[in-house]
Amino acid sequence: MKLLLALLFSCLPLLASAQEKLPKDVARFVENAQMCEHFAGEWDDNDKARQREITQAVASSCGQAQRQWKRLRVKYAQQPAIHKVIDAHANDAVRSFRK
89 MKLLLALLFS CLPLLASAQE KLPKDVARFV ENAQMCEHFA GEWDDNDKAR QREITQAVAS
149 SCGQAQRQWK RLRVKYAQQP AIHKVIDAHA NDAVRSFRK
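In our numbering, the protein residues as written are 89 to 187.
Put into structure tokens, the structure is as follows:
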């Protein structure tokens, strides 16, 4: 078990460095797209205040991610590796967001 944990923690810097190699605007898009998907998947009918927070978070993160996605697809159209990362993170919540 300790060996498994040690192996897992030793791989974390590799994952972090992989995202660090992305251009900053793409890394920001990835973060916003992940937050968009997270908040779009939440719903709380019982707590109106929490639902307002979720709605605001969806509008913010999904709106930003969708604008970034449209811009970055054009900007990196000639760079297949980066374009693949962009498309991989353009989840349904990002693509279909409507304010």
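Beta carbons are placed, not taken as given, at the ideal position from N, Cα and C, and that holds for glycine.
- Here F117 is near A153, since their CB atoms are less than 8 Å apart.
- Rounded to whole angstroms, L110 and I170 show a C-alpha spacing of 8 Å.
- Taking a C-beta distance under 8 Å as the contact criterion, K187 and G151 qualify as a contact pair.
- Excluding sequence positions up to five before and after V182, its CB lies within less than 7 Å of the CB of A121, C124, C150, A153, Q154 and W157, all in the same chain and listed in chain order.
- As for any alpha helix (DSSP H) of minimum length 4 sitting wholly inside the segment 93-173, the runs are 112-128 and 136-163, ordered along the chain.
- In this chain, the alpha helix (DSSP H) harbouring A181 covers D180 to R183.
- At the C-beta level, R159 and I174 stay beyond 8 Å of one another.
- In this structure, A128 is the residue among N134, A178 and A128 with its C-alpha nearest to the C-alpha of T143.
- In the assembly as shown, A178 is a buried residue. Its beta-carbon has 16 or more other beta-carbons within 10 Å.
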